[in-house]
Amino acid sequence: LVSAMNRVQLLGRVGQDPIMRQVEGKNPVTIFSLATNEMWRTGDSEVGQGGEVWHPTKLFLCNLGDVSQKTTWHRISVFRPGLRDVTYQYVRKGSRIYVEGKIDYGEYTDKNNVRRQATTIIA
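For the sequence shown, the working numbering begins at 655 and goes up steadily by one.
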């Protein structure tokens, strides 16, 4: 019986070559960024303006509207030894990859001693 679930699935492009970090006394981690894009059309319900297309199986005009896009950047951390090493060795900037993991919210203090929040996908 599942009482709760924390699962993320992403398909996107890698933003920079992965780096491997190791803090003293902790296991190494491979880190990279992943961009996902969301696209949608605006003005779909409006008829009679530019961009109209007639659909042969439907007896009405539909407006395609303008295409809008939003890119979201995700920070990915890979801790599992086998996957961590393969990711570091083979994944490169621009690669299109699928990532599955869990979302993690954390806090850290930056070099200016300012407290920051970070969202990470643990793959």
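Beta carbons: idealized from backbone N, C-alpha and C, even for Gly.
Cutoff 7 Å; reference residue i; Cβ partners in own chain excluding five residues on either side
i, result
"T741", "P672, T684 and V732"
"R661", "K756"
"S694", "The identity of residue 694 in the sequence shown is Trp, whereas the question assumes Ser. Result list for W694: S722, in chain order."
"P682", "M674, R675, Q676 and R738"
Residues of its chain near residue i, where Cβ-Cβ distance is below 6 Å and the 5 sequence neighbours each way are ignored
i, result
"G666", "L688, A689 and T690"
"Q771", "E761"
"P735", "none"
"I776", "S731, G755, K756 and D758"
"T774", "R729, S731 and D758"
Neighbourhood of residue i by C-beta distance below 8 Å, restricted to the same chain and skipping five residues each side
i, result
"Y752", "Q663, L664 and L665"
"D739", "T684"
Rounded separation between residue i and residue j - CA only
i, j, result
"R769", "H728", "20 Å"
"V677", "S722", "41 Å"
"V656", "Q743", "35 Å"
"K680", "M674", "12 Å"
"E692", "T726", "8 Å"
"T763", "F686", "20 Å"
"R750", "M659", "26 Å"
"N767", "K724", "32 Å"
"V745", "L737", "11 Å"
Strand pairing of residue i, partner residues [DSSP]
i, result
"A772", "G760"
"F686", "I730"
"V753", "L664"
"V721", "R695"
Test item: CB-CB of residue i and residue j under 9 Å
i, j, result
"G669", "K747", "yes"
C-beta neighbour in chain C for residue i, strict 9 Å
i, result
"K747", "Reference to chain C is not applicable here, since this structure consists of a single protein chain."
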